[in-house]
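Visitor:
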Amino acid sequence: MRDHVRRNTQSSGMSTKMIRHYEETGLIRAATRTGANYRVYTPRDVQVLRFVRQARHLGFSTKQIAVLLALWEDRSRSSGEVKRLANEHIANLNLRIQELVEMRDTLRHLAAHCKGDSRPDCPILEKLAGAAH
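For what it's worth, the working numbering labels the leading residue of the sequence shown as 768, then goes sequentially.
#1: In the DSSP assignment, find the beta strand (DSSP E) that holds R886 and state where it starts and stops.
#2: So for T799, helix, strand or coil by DSSP?
#3: Could you please give the first and the last residue of the uninterrupted beta strand (DSSP E) stretch that includes R806?
#4: Quick check: the Cα distance between R921 and L862, rounded to an integer number of angstroms?
#5: Do L836 and V849 count as a contact pair if the criterion is CB distance below 8 Å?
#6: Counting pairs of Cβ atoms below 8 Å between the stretch 810-828 and the stretch 780-800, do you hit three or more?
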């Protein structure tokens, strides 16, 4: 049974805008159209949309998702390749987390030293302007 894009958007958890974007970029195949020009999807298409949504939720890039989709659809794949991609992504996430912690700590320090009163001096703005603090 085929459904209209709106119903599939709801069942896949992905917005119509994102579905169209992924179609335009080639991440997912373009939907077939009815005579009234509605997009229609098969249950398999909905599975693919859910796969993409889950991968995006885990922070994978569009390029990484394309590789993961190809591996998912390749029944002769090696799980070692999937694990390698996952571990590589974990390492990248750890770097991003470290960067975020450093940003938070810097901003916390600056905010603690900002008087927050009627005076114009503010270490937060000085730091943003590149002034030494």
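Here a beta-carbon is modelled for each residue, glycine too, at the ideal position from N, C-alpha and C.
Just so we're clear, the structure is a prediction, and the values are computed from it rather than from any experiment.
Guide: By the coordinates alone:
#1: Neither: R886 is in no beta strand (DSSP E) and is coded neither H nor E.
#2: strand
#3: R806 to Y808
#4: Lying before the first or after the last residue shown, residue 921 is absent from the chain, which here runs from 768 to 900.
#5: no
#6: Between the stretch 810-828 and the stretch 780-800, the count of C-beta pairs closer than 8 Å reaches three or more; the two stretches touch.
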